[in-house]
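A.B. asks:
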Amino acid sequence: TSLFAAVELAPRDPILGLTEQFNADTRSNKVNLGVGVYYNDEGRIPLLKAVRKAELARIEAAAARGYLPIEGLAGYNRAVQELLLGAGSPLIAQGRVLTTQALGGTGALKIGADFLKRLAPSAKVAISDPSWENHRALFEYAGYEVVNYPYYDAATHGVNFAGMLAALESYPAGTVVVLHACCHNPTGVDLSGEQWAKVVEVVKARGLVPFLDIAYQGFGDGIDADATAVRQFADAGLDFLVSSSFSKSFSLYGERVGALSLVAADKDESARVLSQLKRVIRTNYSNPPTHGGTVVATVLTSPELRAEWESELGEMRDRIRAMRGALVEKLKARGVARDFSFVLKQRGMFSYSGLTAAQVDRLREEHGVYAISTGRICVAALNSRNIDAVADGIAAVLA
Ligand code: PLP
Numbered sequence: 002t003s004l005f006a007a008v009e010l011a012p013r014d015p016i017l018g019l020t021e022q023f024n025a026d027t028r029s030n031k032v033n034l035g036v037g038v039y040y041n042d043e044g045r046i047p048l049l050k051a052v053r054k055a056e057l058a059r060i061e062a063a064a065a066r067g068y069l070p071i072e073g074l075a076g077y078n079r080a081v082q083e084l085l086l087g088a089g090s091p092l093i094a095q096g097r098v099l100t101t102q103a104l105g106g107t108g109a110l111k112i113g114a115d116f117l118k119r120l121a122p123s124a125k126v127a128i129s130d131p132s133w134e135n136h137r138a139l140f141e142y143a144g145y146e147v148v149n150y151p152y153y154d155a156a157t158h159g160v161n162f163a164g165m166l167a168a169l170e171s172y173p174a175g176t177v178v179v180l181h182a183c184c185h186n187p188t189g190v191d192l193s194g195e196q197w198a199k200v201v202e203v204v205k206a207r208g209l210v211p212f213l214d215i216a217y218q219g220f221g222d223g224i225d226a227d228a229t230a231v232r233q234f235a236d237a238g239l240d241f242l243v244s245s246s247f248s249k250s251f252s253l254y255g256e257r258v259g260a261l262s263l264v265a266a267d268k269d270e271s272a273r274v275l276s277q278l279k280r281v282i283r284t285n286y287s288n289p290p291t292h293g294g295t296v297v298a299t300v301l302t303s304p305e306l307r308a309e310w311e312s313e314l315g316e317m318r319d320r321i322r323a324m325r326g327a328l329v330e331k332l333k334a335r336g337v338a339r340d341f342s343f344v345l346k347q348r349g350m351f352s353y354s355g356l357t358a359a360q361v362d363r364l365r366e367e368h369g370v371y372a373i374s375t376g377r378i379c380v381a382a383l384n385s386r387n388i389d390a391v392a393d394g395i396a397a398v399l400a
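Under full-length UniProt numbering, the first residue of the sequence shown is numbered 2, with each subsequent residue one higher.
1) Could you tell me if the beta carbon of tyrosine 150 falls within a distance shorter than 7 Å of some heavy atom in the ligand PLP?
2) Counting Cβ pairs, one atom from each stretch, are 3 or more of them under 8 Å apart for the region 135–147 and the region 110–126?
3) Return the CA-CA distance between glutamate 195 and alanine 228, expressed in angstroms with no decimal places.
4) I'd like the span of the alpha helix (DSSP H) that includes isoleucine 93, first residue to last.
5) Three-state secondary structure (DSSP) at leucine 4?
6) Using only CA atoms, which one of Val391, Arg365 and Pro91 lies nearest to glutamine 22?
7) Using 7 Å as the cut-off, classify the Cβ of serine 262 as near or not near the heavy atoms of the ligand PLP, replying yes or no.
8) Bridge partners for arginine 377 per DSSP, in chain order?
9) Just verifying my parser: in three-state terms, what is the DSSP assignment at aspartate 130?
10) Which residues mark the beginning and the end of the alpha helix (DSSP H) in which phenylalanine 343 is found?
11) Find the nearest neighbour of isoleucine 388 within the set Arg325, Ser246 and Ser374, judged by alpha-carbon distance.
12) Any heavy atom of the ligand PLP within a distance shorter than 7 Å of the CB on tyrosine 254?
13) If valine 178 sits next to valine 210, beta carbons under 8 Å apart, how far is it from one beta carbon to the other, in whole angstroms?
14) Going by CA-CA distance only, name the one from Gly219, Ser171 and Ala226 that's closest to serine 193.
15) Three or more C-beta pairs closer than 8 Å, one from the region 294–308 and one from the region 40–57: is that the case here?
16) So, helix, strand or coil for tyrosine 39, using DSSP?
17) Which residues bound the alpha helix (DSSP H) around threonine 20?
18) By a C-beta neighbour count over all protein chains shown, 10 Å radius and 16 as the cutoff for buried, is proline 304 buried or exposed?
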């Protein structure tokens with residue numbers, strides 16, 4: 002019998018399965034809203050001009066490709082901290098913040114999960130209901146029991162905030178609470194500043210371990226506005242973890258550029274924590290790749306490229322907002338009675354559209370419009386050429 006005879010086939014990734022089905026669809030007017038990627042109005046993943054310039058400069062410099070330090074590029078890590086906490090953050094000045102470059106936001110979550118597991122092996126992890134589909138699997142694979150806290154309220158297209166708070170209040174001290182800092186995936190529904198203040202209060206009072214996941218900074222209301230949650234935790238004097246990603250904000254999906262940051266009690270503690278994170282990294286992939294981190298650091302620290310990136314990020318944000326508005330208007334124009342104005346209040350790349358699994362099936366089968374069975378659509382994949390077909394399809398399945 003073969004060595005791997007007992008290996009079972011793992012379940013297929015549902016979103017990748019949908020993309021395979023989309024690719025096999027021969028209809029010319031098909032639209033894929035099942036993805037988690039920003040497309041420009043031409044339907045392509047943009048290569049940002051600021052990124053292109055930094056890449057050309059890097060090639061021109063003919064830099065040697067030695068190993069990076071285990072924790073990554075110092076200039077990159079510092080730039081990440083400033084984006085998250087603001088350049089003038091006293092925590093950075095006090096040496097309380099440590100950052101390691103990571104393989105995307107996913108890699109950052111995994112480094113944090115492995116580190117925390119060794120620190121407190123019996124702690125549970127709580128994620129939002131619903132959450133990014135990889136949160137549960139990632140923490141379970143790191144050895145945790147994962148529970149859900151109430152989050153989305155389908156009746157109001159908003160947050161079940163009372164339910165969320167009650168769950169947080171019920172957890173034992175040390176429970177790791179994963180929080181979407183902005184642009185919640187998959188719902189698009191975020192907490193208000195006041196609600197974050199309340200969450201910070203409960204997390205502090207209960208001794209929970211906040212793990213903020215920020216994968217869409219700049220896609221909601223702007224770079225600083227989207228960091229509100231992170232900065233509220235910082236201002237409250239709490240220790241916490243943040244996983245961040247530049248996959249979307251720099252359109253660098255495949256380069257795997259992210260970071261794990263921790264705020265510790267003081268400089269000495271942060272040095273000890275960093276030494277342990279370096280062990281996690283060293284034993285997994287030794288050190289991060291050079292290209293993405295160098296490009297992002299170059300853009301963030303060059304005033305000219307930084308300004309260009311901020312404007313390109315602003316264009317992506319504005320285009321998404323415009324598509325949200327256009328979808329609401331076009332559904333209204335087609336006589337759809339249901340009020341879709343909530344789509345305009347949601348933030349980031351996604352919208353929980355409120356469509357049922359059966360309506361999503363009809364949308365795909367009869368109109369070639371692909372969405373997730375939960376009703377999640379990627380509004381960042383809408384454009385001026387496909388939006389009418391999408392509105393026609395939605396209007397038809399709701400009629
Ligand atoms: N966290 C959330 C909430 C996400 O939506 C995503 C990507 O979809 C990630 C993390 C992972 O980002 P990355 O592709 O950089 O690993």
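Backbone N, C-alpha and C define an ideal beta-carbon position, used for all residues, glycine too.
C.D. replies: Put simply:
1) In the sequence shown, counting from the first residue as 1, residue 150 sits at position 149. The answer is no for tyrosine 150.
2) Verdict: yes, contact present.
3) Working through the sequence shown from its first residue, we reach residue 195 at position 194. Working through the sequence shown from its first residue, we reach residue 228 at position 227. In this structure, the alpha-carbon of glutamate 195 lies about 14 Å from that of alanine 228.
4) On the sequence shown, residue 93 is found 92 positions in, with the first residue counted as 1. Membership of isoleucine 93 in the alpha helix (DSSP H) is indicated by the continuous run 91–94.
5) Here residue 4 corresponds to residue number 3 of the sequence shown, with the count starting at 1. The DSSP-derived three-state label of leucine 4 is coil.
6) Walking along the sequence shown from the start, residue 22 turns up at place 21. The option with the nearest alpha carbon to glutamine 22 is Arg365.
7) As a position in the sequence shown, residue 262 is number 261, starting the count at 1. In this structure, serine 262 has its CB at a distance of at least 7 Å from all heavy atoms of the ligand PLP.
8) Your numbering for residue 377 matches position 376 in the sequence shown. Per DSSP, Tyr353.
9) Taking the first residue of the sequence shown as 1, we reach residue 130 at position 129. Aspartate 130 falls in the strand class under three-state DSSP.
10) For the purposes of this step, residue 343 is taken as residue 342 along the sequence shown, with counting starting at 1. 343–346 is the span of the alpha helix (DSSP H), which, as asked, contains phenylalanine 343.
11) Working through the sequence shown from its first residue, we reach residue 388 at position 387. Checked all of Arg325, Ser246 and Ser374; the closest Cα to isoleucine 388 is Arg325.
12) Residue numbering aside, residue 254 sits at position 253 when the sequence shown is read from its first letter. Using a cutoff of 7 Å, the CB of tyrosine 254 counts as near the ligand PLP, since one of the ligand's heavy atoms is closer than that.
13) Here residue 178 refers to the residue found at position 177 of the sequence shown. Here residue 210 refers to the residue found at position 209 of the sequence shown. Contact holds; Cβ gap of about 7 Å.
14) The residue given as residue 193 occupies position 192 in the sequence shown. Out of Gly219, Ser171 and Ala226, Ala226 has the C-alpha closest to the C-alpha of serine 193.
15) Yes, the region 294–308 is in contact with the region 40–57.
16) Here residue 39 is taken as the residue at index 38 of the sequence shown, counted from 1. Tyrosine 39: coil per DSSP, three-state reduction.
17) Here residue 20 is taken as the residue at index 19 of the sequence shown, counted from 1. Taken as a continuous stretch (DSSP letters only), the alpha helix (DSSP H) holding threonine 20 covers 15–25.
18) Taking the sequence shown and counting its residues from 1, one reaches residue 304 at position 303. Proline 304 comes out exposed.
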